Amino acid sequence: MIREFVKKAAILLLIILPVFTLTFVPDNAFSAEQEETRIFIKDFKVIGNEAIKDERILGAISSYRNNDYTLEELKSIADIVTMLYQEDGYILAKAYIPVQYIKNDIVKVVVVEGELGSLEISYSKYYSQGHVCNFFSRLIGSAVNENQIERAILLANETPSMNVQTVFKKGEMPGTTDMKIDIEDTYPMFFDFEFNNYGNERVSKNRYTANFSMTDPIIGSTLSLKGTIGEQLDDSFYGGIDLLIPLNYEGTKLGMRYINSDYIVGSDLQALGIEGKAEIMGAYLSHSFIHSRNQKLKGTVGFDMKRVFSYAMGAQTSNDDLSVGYLRLDYDNLDRFLGKNYLSLTYSQGFEDLLGSTKLN
């Protein structure tokens with residue numbers, strides 16, 4: 016606590032003092048008006064940096080050691096440090112040469128990184144303000160980074176029926192900025208009905224589907240239900256339930272699902288009495304490793320138990336009990352030449368004689 020107070024007091028003092036006036040030791044002294052005066056600089060010392068380490072900053076300006084500089088040239092070196100921060104997404108960071116005494120030919124470069132001070136959240140109709148705040152609260156007290164802000168916005172906007180936008184405003188403390196979060200949300204419940212004639216004529220060409228989903232406005236977990244039937248309930252049936260629970264606000268989610276389906280083959284094969292049933296229960300864990308406007312990378316690890324039965328002429332023709340684990344990576348990106356690109360890699364592994372699964376002979 017004391018360390019943070021001293022740090023902010025030091026930054027405030029440096030801002031209040033004339034920022035671009037140099038004061039040197041007597042044997043190398045010149046005023047701010049004597050900007051053409053040159054002085055030998057052996058090395059640099061960086062103050063106020065936390066987001067980028069000393070080694071990297073000093074490495075970026077190492078070629079400027081052991082040389083003579085004017086005041087304007089020293090300002091240009093500070094601008095190089097600012098650009099280094101900008102390239103890493105620290106859009107509010109600023110480096111400058113403060114008023115100082117040059118000792119041992121070492122000049123100090125001060126960095127004001129532009130910390131996120133506080134959050135101001137607008138009124139939301141349905142979702143709790145705490146739910147929205149949790150996507151951004153971990154960023155408070157750290158240097159504002161546009162990549163981190165963008166990721167937080169995109170993860171928040173994955174919540175169904177909710178859209179957030181952010182605006183920066185002047186911070187209450189020197190060297191900080193506050194962020195206003197505007198929320199647009201609608202009631203987090205969705206229902207629709209579909210019809211298509213893409214089915215197989217031997218089962219049911221016409222299919223009717225109902226979808227329902229509801230999201231908890233407190234933590235953002237979503238329950239989804241789906242049901243599909245043919246022209247008659249006995250022709251074909253598909254029913255699924257899926258529960259998706261956010262485990263944190265960094266893109267990690269736990270999912271659980273259950274699927275049940277059955278069908279009867281009719282038309283010219285009706286006399287054979289062919290029918291099938293399937294039941295799937297599973298759980299999975301996913302995490303968003305990269306989440307930006309131009310690219311996304313998500314990893315999923317899961318486990319399914321599958322039971323599939325087939326019948327013909329009143330007798331069972333197959334009975335498969337499967338226990339399958341899988342790993343999947345999904346990547347997509349957007350570029351100016353190829354447009355939208357997708358890549359999905361999946362590895363599956365069956366487990367013999369696990370939880371009643373079929374034992375291989």
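16 is the number of the first residue of the sequence shown in our numbering; add one for each residue after it.
All residues carry an ideal CB built from backbone N, CA and C; glycine is no exception.
Note that the coordinates shown come from a computational prediction; the quantities given were computed from them, not determined experimentally.
Residue 350: first and last residue of the uninterrupted beta strand (DSSP E) it sits in: Taking the sequence shown and counting its residues from 1, one reaches residue 350 at position 335. Counting along the chain, the beta strand (DSSP E) containing residue 350 begins and ends at 330-350.
Return the residue from the list 347, 343, 355, 297 that minimises the CA-CA distance to residue 337. Working through the sequence shown from its first residue, we reach residue 337 at position 322. Of 347, 343, 355, 297, the residue nearest in Cα terms is 297.
Residue range of the beta strand (DSSP E) that residue 360 falls in? Walking along the sequence shown from the start, residue 360 turns up at place 345. Residues 354-365.
Are the beta-carbon atoms of residue 232 and residue 142 separated by less than 8 Å? What you label residue 232 is simply residue 217 of the sequence shown in a count that begins at 1. What you label residue 142 is simply residue 127 of the sequence shown in a count that begins at 1. In contact: residue 232 and residue 142 (Cβ atoms closer than 8 Å).
From residue 167 to residue 78, what distance separates their C-alpha atoms? Residue mapping note: residue 167 aligns to position 152 of the sequence shown, counting from 1. Residue mapping note: residue 78 aligns to position 63 of the sequence shown, counting from 1. Those two C-alpha atoms are separated by around 37 Å.
Whole-angstrom Cβ separation of residue 228 and residue 210, contact assumed at under 8 Å? Mapped onto the sequence shown, residue 228 falls at position 213. Mapped onto the sequence shown, residue 210 falls at position 195. Their Cβ separation, rounded to whole angstroms, is 19 Å, which puts residue 228 and residue 210 out of contact at 8 Å.
Across which residues does DSSP place residue 388 in a beta bridge pair? Outside the shown range of the chain (16 to 376) lies residue 388, about which nothing can therefore be said.
May I have the straight-line CA-CA distance separating residue 307 from residue 67, to the nearest angstrom? Within the sequence shown, numbered from 1, the residue matching residue 307 stands at position 292. Within the sequence shown, numbered from 1, the residue matching residue 67 stands at position 52. Each residue's Cα considered, the two are about 22 Å apart.
Top-ranked residue by Cα proximity to residue 349, from 311, 362, 316: For the purposes of this step, residue 349 is identified with residue 334 of the sequence shown, where counting begins at 1. That would be 311, whose Cα lies nearest to the Cα of residue 349.
Does the pairing of the stretch 171-189 with the stretch 110-122 give three or more beta-carbon distances under 8 Å? no
Measure the CB-CB distance between residue 136 and residue 198 and report whether it falls below 8 Å. As a working mapping, residue 136 is identified with position 121 in the sequence shown. As a working mapping, residue 198 is identified with position 183 in the sequence shown. Yes, they are a contact pair.
Measure from the alpha carbon of residue 123 to the alpha carbon of each residue in 107, 72, 157, 153, then state which is nearest. Locating residue 123 in the sequence shown gives position 108, where the first residue counts as 1. Nearest C-alpha to residue 123: 72.
From residue 158 to residue 131, what distance separates their C-alpha atoms? On the sequence shown, position 143 is the one that residue 158 refers to. On the sequence shown, position 116 is the one that residue 131 refers to. Cα to Cα, residue 158 sits roughly 6 Å from residue 131.
Thinking C-alpha only, which one of 59, 151, 119 is nearest residue 263? The residue labelled residue 263 in the question sits at position 248 within the sequence shown. The residue with the shortest Cα to Cα distance from residue 263 is 151.
Assigned secondary structure, residue 32 (DSSP; H/G/I helix, E/B strand, else coil): As a working note, residue 32 is residue 17 in the sequence shown. Here the model assigns residue 32 a pLDDT of 36, short of 50, so the residue's position is not dependable and the matter cannot be decided.
If contacts are defined as beta-carbon pairs under 8 Å, then residue 255 and residue 272 qualify, I think. What distance do you get, rounded to the angstrom? Residue mapping note: residue 255 aligns to position 240 of the sequence shown, counting from 1. Residue mapping note: residue 272 aligns to position 257 of the sequence shown, counting from 1. Indeed they touch by this definition, with Cβ atoms about 7 Å apart.
Exposed or buried, what is residue 335 when buried is set at 16 or more other beta-carbons lying within 10 Å of its beta-carbon? Start at 1 with the first residue of the sequence shown, and residue 335 comes out as number 320. Flag for residue 335 reads exposed.
Express the C-alpha separation of residue 295 and residue 177 in angstroms, rounding to a whole number. Here residue 177 refers to the residue found at position 162 of the sequence shown. Here residue 295 refers to the residue found at position 280 of the sequence shown. For residue 177 and residue 295, the distance between alpha carbons rounds to 31 Å.
DSSP puts residue 72 in a beta bridge; with which residues? As a working note, residue 72 is residue 57 in the sequence shown. Residue 72 pairs with nothing; no bridge assigned.
Which ranges does the alpha helix (DSSP H) cover as unbroken runs of at least 4 residues, wholly within the stretch 162-200, from first to last along the chain? none
What's the call for residue 222, buried or exposed, on a 16-neighbour Cβ count within 10 Å? As a working mapping, residue 222 is identified with position 207 in the sequence shown. Buried: at least 16 other Cβ atoms inside 10 Å.
Where residue 109 falls: helix, strand or coil (DSSP): In the sequence shown, residue 109 corresponds to position 94, counting from 1. Three-state DSSP puts residue 109 in a strand.
Whole beta strand (DSSP E) runs in the stretch 229-263 with 3 or more residues, listed along the chain? 237-244, 251-261
Given a threshold of 16 other Cβ atoms within 10 Å of its Cβ, counted over all protein chains shown, does residue 118 qualify as buried or as exposed? For the purposes of this step, residue 118 is identified with residue 103 of the sequence shown, where counting begins at 1. That one is exposed.
Start and end residues, alpha helix (DSSP H) containing residue 100: Walking along the sequence shown from the start, residue 100 turns up at place 85. That run of the alpha helix (DSSP H) goes 86-102.
With distances taken from CA atoms, which of 289, 318, 218, 253 is nearest residue 241? Along the sequence shown, read from residue 1 onward, the residue named residue 241 stands at position 226. Among 289, 318, 218, 253, the Cα nearest to that of residue 241 belongs to 253.
What three-state label does DSSP hand residue 147 in the structure shown? Here residue 147 refers to the residue found at position 132 of the sequence shown. The answer is helix: DSSP assigns residue 147 an H, G or I state.
In chain order, what residues of the same chain lie with their CB nearer than 7 Å to the CB of residue 219, ignoring the 5 residues before and after it? Taking the sequence shown and counting its residues from 1, one reaches residue 219 at position 204. Contacts found: 245, 246, 250, 251.
Kindly indicate which residue of 86, 59, 214 has the alpha-carbon position closest to the one of residue 75. As a first step, residue 75 must be located in the sequence shown, where it is residue number 60. The residue with the shortest Cα to Cα distance from residue 75 is 59.
If you draw a straight line from the C-alpha of residue 96 to the C-alpha of residue 192, how long is it? Walking along the sequence shown from the start, residue 96 turns up at place 81. Walking along the sequence shown from the start, residue 192 turns up at place 177. Each residue's Cα considered, the two are about 20 Å apart.
Would you please state the rounded distance, in angstroms, between the beta carbons of residue 259 and residue 266? I believe it to be under 8 Å. Residue 259 sits at position 244 when you count from the first residue of the sequence shown. Residue 266 sits at position 251 when you count from the first residue of the sequence shown. About 12 Å; that fails the 8 Å criterion.
Can you round the beta-carbon distance between residue 341 and residue 317 to whole angstroms, since I take them to be within the 8 Å contact cut? The residue labelled residue 341 in the question sits at position 326 within the sequence shown. The residue labelled residue 317 in the question sits at position 302 within the sequence shown. Indeed they touch by this definition, with Cβ atoms about 5 Å apart.
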